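Those protein sequences? They're chains L, V and X, same order as listed. Every letter in the first sequence is one number past the one before it in numbering that gives the first Met the number 0, and letter 111, counting from 1, is 110. Every letter in the second sequence is one number past the one before it in numbering that gives the first Met the number 0, and letter 374, counting from 1, is 373. Every letter in the third sequence is one number past the one before it in numbering that gives the first Met the number 0, and letter 7, counting from 1, is 6. By construction, the Cβ of each residue, glycine as well, lies at the ideal position given by its N, Cα and C atoms. For clarity, every value in this text was computed on a predicted model and none was experimentally measured.
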Amino acid sequence: MSEKITNIINELEKLDYKNLFQDDFLHTWDKSQEELQAIFTVADALRAMREENISPKIFDSGLGISLFRDNSTRTRFSFASACNLLGLEVQDLDEGKSQQAHGETVKETANMISFMADVVGIRDDMYIGKGYKYMKDFSSYVQEGYDDGVLEQRPTLVNLQCDEDHPTQAMADLLHVIHEFGGVENLKGKKVAMTWAYSPSYGKPLSVPQGISALFTRFGMDVVLAHPEGYEIMPEIEKIAEDNAKTYGGSFTKTNSMEEAFKDADIVYPKSWAPFAAMEERTELYGNGDQAGIDRLEKELLEQNKQHMDWAATEDMMKLTKDGKALYMHCLPADITGVSCETGEVDATVFDRYRVPLYKEASFKPYIIAAMILLQKVENPVETLKQLVADAKERQKNK
Amino acid sequence: MSEKITNIINELEKLDYKNLFQDDFLHTWDKSQEELQAIFTVADALRAMREENISPKIFDSGLGISLFRDNSTRTRFSFASACNLLGLEVQDLDEGKSQQAHGETVKETANMISFMADVVGIRDDMYIGKGYKYMKDFSSYVQEGYDDGVLEQRPTLVNLQCDEDHPTQAMADLLHVIHEFGGVENLKGKKVAMTWAYSPSYGKPLSVPQGISALFTRFGMDVVLAHPEGYEIMPEIEKIAEDNAKTYGGSFTKTNSMEEAFKDADIVYPKSWAPFAAMEERTELYGNGDQAGIDRLEKELLEQNKQHMDWAATEDMMKLTKDGKALYMHCLPADITGVSCETGEVDATVFDRYRVPLYKEASFKPYIIAAMILLQKVENPVETLKQLVADAKERQKNK
Amino acid sequence: MSEKITNIINELEKLDYKNLFQDDFLHTWDKSQEELQAIFTVADALRAMREENISPKIFDSGLGISLFRDNSTRTRFSFASACNLLGLEVQDLDEGKSQQAHGETVKETANMISFMADVVGIRDDMYIGKGYKYMKDFSSYVQEGYDDGVLEQRPTLVNLQCDEDHPTQAMADLLHVIHEFGGVENLKGKKVAMTWAYSPSYGKPLSVPQGISALFTRFGMDVVLAHPEGYEIMPEIEKIAEDNAKTYGGSFTKTNSMEEAFKDADIVYPKSWAPFAAMEERTELYGNGDQAGIDRLEKELLEQNKQHMDWAATEDMMKLTKDGKALYMHCLPADITGVSCETGEVDATVFDRYRVPLYKEASFKPYIIAAMILLQKVENPVETLKQLVADAKERQKNK
């Protein structure tokens with residue numbers, strides 16, 4: 000066994016994460032610090048195993064179901080990669096973008112597709128107040144099916160983005176930060192600017208700023224949430240971030256000045272999102288099938304955005320950060336000024352300088368998802384990982 | 000080896016099912032009693048193995064092709080689950096809903112997609128006189144390809160629903176009944192009400208009432224087929240049911256009274272379907288591309304349905320059954336009054352009371368499909384199952 | 000080990016193909032004679048292994064990504080079959096038919112989908128001057144991602160059809176010819192008629208006549224390219240064919256007479272394609288979004304085609320070939336006169352007489368693709384194949 004993998008597994012042995020087993024991953028804030036740490040550790044272990052050509056397959060057969068309420072090439076590939084790495088085949092359940100009926104219909108579908116499902120990955124981020132609720136309902140329906148003897152096993156759920164949180168993104172982002180800063184112990188006191196940025200496109204979800212605010216405040220970091228007036232995030236999530244700051248010894252502050260947020264920041268995460276109130280209105284309009292209202296709202300929102308075109312990660316803005324060298328982050332794809340749009344979230348030269356770290360940031364997501372699945376399905380992960388490494392089955396012959 | 004699995008395999012050893020090997024599964028009535036029994040037995044064995052975390056993979060690689068002439072999430076998942084359990088990856092061949100040209104084109108497609116296909120699951124239920132014919136043609140084309148040395152192996156076919164039969168549904172339904180009544184030996188003399196029910200939707204296939212009539216009459220049961228005048232099923236299938244009744248010591252009767260069918264029934268299966276004559280007309284209209292005619296027919300059929308809105312599994316109707324406690328069955332999804340539609344096939348309270356058995360009924364389908372594939376591809380299933388159980392490879396590590 | 004497989008592996012041992020390792024397969028003319036020979040040999044080995052029920056899985060997990068800019072059931076199935084045979088799961092990246100933006104966007108997508116991708120199969124044949132370029136760009140982007148530490152491994156590329164070459168088709172075609180003529184040593188001096196033929200459909204790609212001209216001239220064959228005036232292929236490819244003829248001792252001639260090409264031919268490959276100049280114009284029109292221009296061009300091209308309806312593989316034409324018995328080839332599907340269209344590329348009786356060899360021709364493609372992947376991913380293929388044969392893991396248990 001390579002020393003690297005041995006060390007990772009030894010770290011895992013010290014943590015208490017037993018409550019992850021047979022649970023779902025919906026919000027980062029439902030989980031303890033050690034549980035999150037366990038996910039990071041297993042993600043590192045799986046990556047090291049793959050890099051050393053050791054197969055981490057824990058399933059000989061089985062299905063991973065992707066249930067996306069929105070098109071998503073990247074999330075689909077991340078989920079498929081994670082499932083495949085562990086030995087699961089992906090089946091997509093495409094339900095279109097419609098607001099699905101809850102209750103009877105969802106209960107039936109949840110059971111019908113889960114007879115042989117080991118994991119269900121759900122993305123449902125389009126409607127405020129609906130996405131997370133859908134996942135909770137789905138979770139209770141498969142639990143009921145399992146308790147009633149309908150399902151041989153209860154599939155575990157992974158939230159691939161909802162209206163409240165985007166845990167696989169935020170966790171991948173944080174794992175990237177941990178690696179960039181040389182360990183979780185180095186995060187304390189680092190300043191993170193989670194800021195709004197201008198985009199010519201409409202209605203981007205709030206799950207990233209919310210997920211980052213709620214997660215990064217748990218590691219003693221000083222998180223500054225910056226946005227123009229009217230672009231508030233959900234108040235419940237701000238409350239979580241504030242409580243985290245108290246508990247974990249960091250801080251969570253808000254400002255309407257991008258400059259203030261960028262000033263001496265170690266990390267900047269400038270990204271567009273829609274105003275919360277508008278997203279709520281949109282949910283209402285879609286619910287009523289009010290197309291005229293939807294069109295009117297879109298027009299208004301684009302006009303509103305246009306009043307804040309100066310919110311961008313320009314070269315000048317970057318100079319304000321710590322030594323002018325803050326780690327620039329983005330969940331991708333970014334709206335790059337002069338490349339993907341006329342005026343966008345970030346200058347082309349800034350984006351280009353950070354391309355490699357940005358791609359690396361994204362590369363953690365499949366491993367984060369795989370780690371969540373493994374810890375939710377396997378009762379004794381330390382023993383299982385040790386056995387996989389001892390077996391040392393090649394992922395690819397004669398690589 | 001667990002005693003349960005040992006007993007199941009011992010049962011299999013007593014049966015004669017050698018003709019299933021290298022054949023297709025198109026109609027239940029093409030098969031002998033022992034062949035059907037073998038499929039039930041292998042389905043039970045595969046389920047027990049999965050529940051005991053023993054991998055039943057018989058393929059190290061291979062493809063299962065799903066060829067659906069209609070959208071179908073549930074059937075697609077059942078087929079994918081069955082294939083995955085045995086080690087096959089599913090590839091979907093989506094040909095749209097058009098009436099496909101036969102002959103040259105089908106022959107070529109059948110061969111082109113089958114170079115590495117181990118099984119092909121076909122669903123083609125939309126046109127009377129076309130679906131089964133298509134499967135037979137497909138079967139002869141791949142046989143020809145195999146005989147000519149084009150195909151390394153001949154893929155086996157599974158009928159996932161045609162205009163005549165719905166064998167995976169009817170077999171799953173019967174396996175559910177066998178489990179509910181404690182064994183196939185307890186079916187003799189049980190009264191089964193296969194009845195039409197009102198639905199506000201249009202043109203549901205006849206394959207379920209036909210499949211149930213033709214299969215349930217083979218186990219000494221008293222099958223009553225009930226429907227309003229004009230909703231007859233195919234006469235050839237009625238003839239099969241009548242012959243079965245004579246051969247196997249049960250009965251097959253017809254009535255235009257739902258009450259008569261429900262009276263003292265042990266099992267009720269109330270479900271909407273389109274009139275046979277209308278389905279024939281529809282096939283003709285589609286063939287001619289007569290959209291005006293299709294629209295007119297739909298309107299007429301919905302009007303015709305509306306004259307029979309009293310055909311429903313209401314609480315009052317259920318009281319007529321044996322002790323008021325008949326087993327309520329449905330292939331799902333059902334049209335539930337006040338839930339999925341204003342007036343439908345079944346009262347919400349009735350459906351709700353039977354939800355668990357209904358879901359269990361559906362849970363047998365993937366295992367029935369897997370059993371069909373296994374018995375059609377493996378020359379000595381008893382030996383193979385014993386070996387799988389002896390190897391005891393975990394389906395999931397450390398479950 | 001069967002003698003057949005032993006002999007094939009012994010043949011492979013004599014060849015120099017080490018430069019295939021970790022490279023892509025984009026053009027046949029980028030490869031040496033021995034490299035092509037190695038691909039044929041491994042394709043034969045994989046086929047023999049499958050026929051003897053020996054699993055050739057070299058991957059325990061991994062993804063094959065299909066990136067098709069056009070619908071394609073057959074190519075999709077060939078690629079999926081090849082991937083599955085080697086142990087890779089296929090994920091489709093459907094980008095629609097639009098001319099995709101290059102640069103930034105492609106670079107990002109290429110990396111985002113490749114974190115766990117072992118192979119990417121690309122089909123992009125719709126636009127002259129774009130398809131191959133797209134593949135080269137994609138290749139350099141994943142190389143960059145690998146060099147930068149973003150990708151754990153560099154996925155290998157397989158060209159599944161571009162504007163210049165169709166290497167998996169041409170290689171499968173040639174392997175078919177090698178088998179029909181009893182060995183590569185028997186190809187010298189054989190006359191091949193690669194000819195245009197009339198089709199009522201519009202805008203078929205040039206990649207097949209180009210791929211055949213560039214590949215078949217490498218084995219000492221006398222290739223005659225015949226087409227009506229105005230249906231020239233790309234001049235760069237003609238140059239390659241001419242150079243091959245000089246290097247490898249065959250010939251490459253052009254004619255505007257189908258009769259001249261068919262005269263005493265050992266092999267005929269009559270197939271429709273669009274005029275090169277028209278395809279260039281079409282690329283321009285699509286680029287400008289000029290729908291009126293596209294419609295006008297289509298009309299013109301169909302008119303132009305109609306002037307050459309006598310270019311067809313009729314019974315009379317076949318009589319001109321060597322003993323009237325040339326091997327008739329086609330990439331399928333063919334436009335068959337009186338079957339798939341009123342007047343087409345080939346007489347129904349001719350097509351029918353050659354159906355079995357035509358299907359066999361197609362059957363080589365999955366093995367060619369699998370051989371390309373294996374040789375590009377495995378460092379020591381001889382050792383790996385020997386080990387697979389020695390392990391003799393059944394592809395299907397108890398077949």
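Distance between residue 390 of chain L and residue 14 of chain X (C-alpha atoms, nearest Å) = Taking the third sequence and counting its residues from 1, one reaches residue 14 of chain X at position 15. Taking the first sequence and counting its residues from 1, one reaches residue 390 of chain L at position 391. Using only the alpha carbons, I get a separation of about 34 angstroms.
Presumed contact (8 angstroms Cβ cut-off) between residue 27 of chain V and residue 166 of chain V, rounded CB distance = For the purposes of this step, residue 27 of chain V is taken as residue 28 along the second sequence, with counting starting at 1. For the purposes of this step, residue 166 of chain V is taken as residue 167 along the second sequence, with counting starting at 1. So it is a contact: roughly 5 angstroms between Cβ atoms.
To the nearest angstrom, how far is it from the Cα of residue 238 of chain V to the Cα of residue 215 of chain V?
-> To locate residue 238 of chain V, count along the second sequence from 1; it is residue 239. To locate residue 215 of chain V, count along the second sequence from 1; it is residue 216. Distance between the alpha carbons of residue 238 of chain V and residue 215 of chain V is about 14 angstroms.
Going along chain L, which residues have a C-beta under 9 angstroms from residue 216 of chain V?
-> Counting from 1 along the second sequence, the entry for residue 216 of chain V is found at position 217. Against residue 216 of chain V, chain L offers no close residue; the least beta-carbon distance is about 28 angstroms (beta-carbon pairs closer than 9 angstroms).
Measure the C-alpha to C-alpha separation of residue 327 of chain L and residue 369 of chain L and round it to an integer number of angstroms.
-> Indexing the first sequence from 1 puts residue 327 of chain L at position 328. Indexing the first sequence from 1 puts residue 369 of chain L at position 370. Their backbone Cα atoms lie some 26 angstroms apart in a straight line.
Name the residue from V/51, V/29 and V/134 whose alpha carbon lies nearest to the alpha carbon of residue 2 of chain V.
-> Residue 2 of chain V sits at position 3 when you count from the first residue of the second sequence. Minimum Cα distance to residue 2 of chain V is reached at V/51.
Is it true that the CB of residue 375 of chain X sits closer than 8 angstroms to the CB of residue 19 of chain X?
-> Taking the third sequence and counting its residues from 1, one reaches residue 19 of chain X at position 20. Taking the third sequence and counting its residues from 1, one reaches residue 375 of chain X at position 376. A distance below 8 angstroms separates the beta carbons of residue 19 of chain X and residue 375 of chain X.
Do we get a CB-CB distance below 8 angstroms when we pair residue 377 of chain L with the residues of chain V?
-> Here residue 377 of chain L is taken as the residue at index 378 of the first sequence, counted from 1. Yes, because at least one Cβ of chain V sits closer than 8 angstroms to the Cβ of residue 377 of chain L.
Should residue 74 of chain X and residue 142 of chain X be called a contact, given that it needs their Cβ atoms to be closer than 8 angstroms?
-> The count along the third sequence starts at 1 and reaches residue 74 of chain X at position 75. The count along the third sequence starts at 1 and reaches residue 142 of chain X at position 143. It is not a contact, given that the beta carbons lie outside the stated cut-off.
Any 3 or more C-beta pairs closer than 8 angstroms across the stretch 183-199 of chain V and the stretch 220-231 of chain V = yes
Give a yes or no on contact between the stretch 263-278 of chain X and the stretch 248-255 of chain X, applying the rule of three or more CB pairs nearer than 8 angstroms.
-> no
Own chain partners of residue 45 of chain L with C-beta closer than 8 angstroms, once the 5 adjacent residues on each side are dropped | If you number the first sequence from 1, residue 45 of chain L lands on position 46. Result list for residue 45 of chain L: 55, 84, 366, 369, 370 and 373, in chain order.
Where residue 187 of chain L sits in the DSSP three-state scheme = On the first sequence, position 188 is the one that residue 187 of chain L refers to. In this structure, residue 187 of chain L counts as coil in the three-state DSSP scheme.
So, is the C-beta of residue 41 of chain V closer than 8 angstroms to a C-beta in chain X?
-> Taking the second sequence and counting its residues from 1, the one referred to as residue 41 of chain V is at position 42. Residue 41 of chain V does not count as touching chain X.
Would you mind telling me which residues of chain L sit closer than 9 angstroms to residue 404 of chain V, beta carbon to beta carbon, in chain order?
-> Because residue 404 of chain V is not part of the residues shown, which for chain V are 0 to 398, the question remains open.
Members of the stretch 270-283 of chain V near chain L, C-beta cut-off 9 angstroms = none
Best match in L/310, L/170, L/352 and L/111 for proximity to residue 254 of chain L [C-alpha to C-alpha] = Position 255 of the first sequence, counted from the start, is the residue given in the question as residue 254 of chain L. Closest option to residue 254 of chain L, Cα to Cα, is L/310.
Just curious, the alpha helix (DSSP H) that residue 261 of chain V is in, first and last residue?
-> The residue given as residue 261 of chain V occupies position 262 in the second sequence. Note, residue 261 of chain V: alpha helix (DSSP H), 257-261.
Secondary structure, beta strand (DSSP E): runs of 3+ residues fully inside the stretch 60-122 of chain V | Those beta strand (DSSP E) runs which fall completely within the stretch 60-122 of chain V and span 3+ residues are 62-67 and 88-93.
Could you tell me whether the Cβ atoms of residue 175 of chain L and residue 359 of chain L are closer together than 8 angstroms?
-> Here residue 175 of chain L is taken as the residue at index 176 of the first sequence, counted from 1. Here residue 359 of chain L is taken as the residue at index 360 of the first sequence, counted from 1. Going by C-beta atoms, residue 175 of chain L is nearer than 8 angstroms to residue 359 of chain L.
Can you tell me whether DSSP reads residue 193 of chain X as helix, strand or coil?
-> Walking along the third sequence from the start, residue 193 of chain X turns up at place 194. If DSSP states are grouped into helix, strand and coil, residue 193 of chain X belongs with the strands.
Measure from the alpha carbon of residue 213 of chain X to the alpha carbon of each residue in X/241, X/362, X/203 and X/386, then state which is nearest.
-> Numbered from 1 along the third sequence, position 214 holds the residue referred to as residue 213 of chain X. Nearest to residue 213 of chain X by C-alpha distance, out of X/241, X/362, X/203 and X/386, is X/241.
Presumed contact (8 angstroms Cβ cut-off) between residue 130 of chain V and residue 136 of chain V, rounded CB distance = Taking the second sequence and counting its residues from 1, one reaches residue 130 of chain V at position 131. Taking the second sequence and counting its residues from 1, one reaches residue 136 of chain V at position 137. With 8 angstroms as the limit, residue 130 of chain V and residue 136 of chain V do not qualify as a contact, their Cβ atoms being about 11 angstroms apart.
Residue 149 of chain L at chain V interface by Cβ criterion, 8 angstroms = Within the first sequence, numbered from 1, the residue matching residue 149 of chain L stands at position 150. The Cβ of residue 149 of chain L sits closer than 8 angstroms to at least one Cβ of chain V.
8 angstroms Cβ cutoff met for residue 395 of chain X and residue 61 of chain V | On the third sequence, position 396 is the one that residue 395 of chain X refers to. On the second sequence, position 62 is the one that residue 61 of chain V refers to. Cβ distance < 8 angstroms, so residue 395 of chain X and residue 61 of chain V count as in contact.
What residue from X/127, X/302 and X/202 has the CA that sits closest to residue 283 of chain X's CA?
-> Locating residue 283 of chain X in the third sequence gives position 284, counting from the first residue. The shortest C-alpha separation from residue 283 of chain X is found at X/127.
Excluding the five sequence neighbours on either side, which residues of its own chain have a C-beta within less than 8 angstroms of the C-beta of residue 33 of chain X, listed in chain order?
-> For the purposes of this step, residue 33 of chain X is taken as the residue at position 34 of the third sequence. Closer than 8 angstroms at the Cβ level, and outside the excluded window around residue 33 of chain X, lie 14, 15 and 16.
Confirm, please, whether the CB-CB distance from residue 220 of chain V to residue 189 of chain V is below 8 angstroms.
-> Within the second sequence, residue 189 of chain V is the residue found at index 190, counting from 1. Within the second sequence, residue 220 of chain V is the residue found at index 221, counting from 1. Cβ distance < 8 angstroms, so residue 189 of chain V and residue 220 of chain V count as in contact.
According to the Cβ coordinates, are residue 380 of chain L and residue 179 of chain L closer than 8 angstroms?
-> Residue numbering aside, residue 380 of chain L sits at position 381 when the first sequence is read from its first letter. Residue numbering aside, residue 179 of chain L sits at position 180 when the first sequence is read from its first letter. Cβ distance not < 8 angstroms, so residue 380 of chain L and residue 179 of chain L don't count as in contact.
Where residue 158 of chain L sits in the DSSP three-state scheme | Mapped onto the first sequence, residue 158 of chain L falls at position 159. Here residue 158 of chain L carries a strand assignment [DSSP, helix/strand/coil].
Would residue 316 of chain V count as contacting chain X if we go by Cβ distances under 8 angstroms?
-> The sequence position of residue 316 of chain V within the second sequence is 317, counting from 1. With 8 angstroms as the cut-off, residue 316 of chain V does not count as an interface residue toward chain X.
May I have the straight-line CA-CA distance separating residue 324 of chain V from residue 169 of chain V, to the nearest angstrom?
-> Position 325 of the second sequence, counted from the start, is the residue given in the question as residue 324 of chain V. Position 170 of the second sequence, counted from the start, is the residue given in the question as residue 169 of chain V. Going from the Cα of residue 324 of chain V to the Cα of residue 169 of chain V covers about 22 angstroms.
Alpha-carbon to alpha-carbon, residue 339 of chain V and residue 31 of chain L = For the purposes of this step, residue 31 of chain L is taken as the residue at position 32 of the first sequence. For the purposes of this step, residue 339 of chain V is taken as the residue at position 340 of the second sequence. Distance between the alpha carbons of residue 31 of chain L and residue 339 of chain V: 41 angstroms.
Proximity below 8 angstroms, CB of residue 11 of chain X to CB of residue 37 of chain X = The sequence position of residue 11 of chain X within the third sequence is 12, counting from 1. The sequence position of residue 37 of chain X within the third sequence is 38, counting from 1. Cβ distance < 8 angstroms, so residue 11 of chain X and residue 37 of chain X count as in contact.
With 8 angstroms set as the bound, which would you pick, yes or no: does the beta-carbon of residue 112 of chain X sit closer than that to a beta-carbon of chain L?
-> In the third sequence, the residue the question calls residue 112 of chain X occupies position 113. Closer than 8 angstroms to some Cβ of chain L, the Cβ of residue 112 of chain X qualifies, so yes.
Residue 158 of chain L and residue 39 of chain L closer than 8 angstroms at C-beta = Your numbering for residue 158 of chain L matches position 159 in the first sequence. Your numbering for residue 39 of chain L matches position 40 in the first sequence. No. Outside cutoff.
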